[in-house]
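First to last, the sequence lines map onto chains B and Y. Numbering-wise, our numbering puts 210 at position 210 of the first sequence, and it's gapless, one number per residue. Numbering-wise, our numbering puts 1132 at position 132 of the second sequence, and it's gapless, one number per residue. We put the beta carbon where it would ideally sit given N, CA and C, even for glycine. Have a look at the structure below, then the notes.
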Amino acid sequence: MVIGAVTLWFILEKVILIASIIGLSFFIAMYTTLAERKIAGWMQDRHGPNRAGPFGILQPLADGGKLFFKEEITPVTSNRFLFLLGPALAMIVALVTSTVIPWGAPVLTSTGTIALQVADVDMGILIVFSVVSVGVYGIMIGGWASNNKFSLLAAIRGASQMVSYELPMSLALIAVLFMTGSLKMSEIVSYQMANGWNIIYQPLGFLIFFICALAECNRTPFDLPEAENELNFGYHQEYSSMKLGFYLFAEYINMFVSSAVMATLFLGGYDIPFVNEASWGLEPWLYSLISFSVMMAKVSFLLFVFIWIRWTIPRFRYDQLMNLGWRKLIPLALFNMVLSAAILLWLKS
Amino acid sequence: MSISAILFWVLSVAALFSALMVVTSRNPIHSVIWLIITFFAISGHYILLNAQFLAVVNIIVYAGAIMVLFLFVIMLMNLNKESEPARHRWLQLAGGVSGGALLLVLVAALKDTELKSQQSLLLEGHTGLIKTLGQELFSTYVIPFELSSILFLSAMVGAVLIGKKD
């Protein structure tokens, strides 16, 4: 059966891929919550959760189950539809970004190649940025619809923080694009396979991008939207049950996806470091599997750094946050951009 | 009906309906949200015409940045149904008449253009791709491009100057 130029097999392949990536995102996000608590425990010299199952590996399920059984409360004064739309948007936006990330080397089969990537579009990384820029609405709409001053304040804080940190993030990205010369994620990865990882040539760019990623995910030291001592619980104050769960869970999915984006842009994606894997002559499926595991290892490392920072650095004050974003990171990112452009021009002439 | 025709009709209906809802919603927040949906529908149209860059930038700039500012302003000013000042009948009438006149002028101006006879290129044509756009902007249209960037720069300097506490 053929619909337009698209075969049924193609649709099936993509549906399976999308389902497995969403499943993977949920799975990783689930276990990042456990890892966060375990690492916090380790850093604070205590055990962390260890009652549900061996070593506490069932803890995320217990947490999820608890959230499902909580009472669902909708404030009478709030706008019901928008109140529901907030967490839904937060979740959708968190999941959509993963479409353009290449998760591993393409699998060669007898019928053709299957890319481990939902869509390898020309706009690649720009799609990620467009989704990130829409991500503000989940927080803003949820915070406004709660009809609570603290929620609204936290939502506006969160939104202005995200808008501010998008700018240095995209400026840091431009320097990477100068080098790779393509917006396509697959080409960014293959460029790094041939020429070495971008983090070697763009250490400053990576640093800026990483700081901005922390701010975009609302992670410590930039978790101002949920500053408990000033704003009670933040923009999700009025939320309970699984709607709250969606907000909290979306944060972990965002962490996972932004780690994957950073691994792709700066750490060579699914490239295996220090070796020329193309000369091994491996079975294609085995090679794909290994490259996928390497990608996951990089993502896990970045997730660990996210958690490590959370339990090391205290929260910024709001004016410090804005100062850092506008007065330090943007000029630094601009400097990095001009410097990279000048060096590239000099090397090419 | 081909898949792009189906998409075209779905997107057109979505764009027109949400644009109507922008105007008719009583709550300004709802208007903004409908406007965001309109921008997404228009981006869908751009993708149908293979203008990928335009589609993505439309979402980043309009749906992502400008509408956030709109929401900011409306949320901070706390505009809503209760605080909306009652409008006179004749004011609404004048609005309707002037809007209708604008529609009339637009239709009259566009009905004899060549757009009607030109078939739009669906899912082909590389005008909208980033490579073509970049080459055009930095060769054929380099002066208007640089001029508009100076305009942006002066606007930014102005904004910083206004925002500065003295």
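Q161 of chain B sits close to A215 of chain B, with the two beta carbons spaced by under 8 angstroms. Within the model, the alpha-carbon separation for E1146 of chain Y versus L1133 of chain Y is close to 15 angstroms. Identification of chain Y residues near S130 of chain B by a Cβ-Cβ cut-off of 7 angstroms yields V1056, I1059, I1060, G1064, ordered along the chain. Going by DSSP, L116 of chain B is part of no alpha helix (DSSP H) at all; its letter is neither H nor E. Counting only runs of 4 or more residues that sit fully inside the stretch 219-262 of chain B, the alpha helix (DSSP H) segments are 228-231, in chain order. By the neighbour-count criterion, in which a residue is buried when 16 or more other Cβ atoms sit within 10 angstroms of its Cβ, S1002 of chain Y is exposed.
If you ignore the 5 residues before and after L116 of chain B, its C-beta comes within less than 6 angstroms of the C-beta of W103, G104, all in its own chain and listed in chain order.
A1014 of chain Y and L1054 of chain Y have their C-alpha atoms roughly 19 angstroms apart.
As the crow flies, the alpha-carbon of S1043 of chain Y is around 9 angstroms from that of Q1052 of chain Y.
In this structure N79 of chain B is buried. Its beta-carbon is surrounded by 16 or more other beta-carbon atoms within 10 angstroms.
Excluding its 5 nearest sequence neighbours in each direction, G56 of chain B has C-beta neighbours in its own chain below 6 angstroms: P49, N50, listed in chain order. Note on geometry: alpha-carbon atoms of P1028 of chain Y and K348 of chain B lie some 53 angstroms from one another.
The three-state secondary structure of V107 of chain B, taken from DSSP, is strand. Counting only runs that start and end inside the stretch 187-213 of chain B, the alpha helix (DSSP H) elements of at least 4 residues fall at 198-201. The secondary-structure analysis by DSSP pairs T99 of chain B with nothing; it has no beta-bridge partner.
Against chain Y, the beta carbon of S133 of chain B has neighbours under 9 angstroms at I1059, I1060, V1061, A1063, G1064, A1065, V1068, listed in chain order. I253 of chain B has a beta carbon lying at 8 angstroms or more from every beta carbon in chain Y. Check the Cα spacing between W285 of chain B and each of B:M169, B:A154, B:P106: the tightest is with B:P106. Taking 8 angstroms as the threshold, the shortest C-beta distance from Q1135 of chain Y to chain B does not fall below it.
CA-to-CA, the gap between D1112 of chain Y and G1100 of chain Y works out to about 19 angstroms.
Residues P102, T264, G268, G269, Y270, D271 of the same chain have their beta carbon placed closer than 8 angstroms to that of V189 of chain B, with the five preceding and five following residues left out of the count.
Going by beta carbons, M262 of chain B and F306 of chain B fall outside the 8 angstroms limit. With the rule of 3 Cβ pairs closer than 8 angstroms, the stretch 322-342 of chain B counts as touching the stretch 158-177 of chain B.
Listed in chain order, the non-local C-beta contacts of Y31 of chain B below 7 angstroms within the same chain comprise P60, local neighbours out to five positions each way being set aside. For L8 of chain B, the enclosing alpha helix (DSSP H) covers residues 8-43. A distance below 7 angstroms between beta-carbons, with the five flanking residues on each side excluded, links M1075 of chain Y to no residue of its chain. Only those residues of the stretch 9-20 of chain B whose C-beta falls short of 7 angstroms from the nearest C-beta of chain Y would be listed, and there are none.
Taking a C-beta cut-off of 7 angstroms against chain Y, none of the residues of the stretch 57-85 of chain B qualify.
Closer than 8 angstroms to the CB of A159 of chain B there is at least one CB belonging to chain Y. Collapsing the DSSP output to three states places V1010 of chain Y in a helix. Beyond the five residues adjoining it in sequence on each side, S1031 of chain Y comes within less than 7 angstroms, by CB distance, of V1022, S1025 in the same chain, given in chain order.
Two segments are said to touch when three or more pairs of C-beta atoms, one from each, lie closer than 8 angstroms; by this definition the stretch 162-169 of chain B touches the stretch 209-223 of chain B.
Sequence-distant Cβ neighbours of L244 of chain B in its own chain, meaning closer than 6 angstroms and more than five residues away, are H236.
Closer than 9 angstroms at the C-beta level to chain Y, one finds these residues of the stretch 97-128 of chain B: V121, D122, M123, L126, I127.
Any Cβ of chain Y closer than 8 angstroms to the Cβ of M140 of chain B would place that residue at the interface, and such an atom is present. When C-alpha distances from F233 of chain B are compared across B:G196, B:A155, B:P273, B:A342, the shortest belongs to B:A155.
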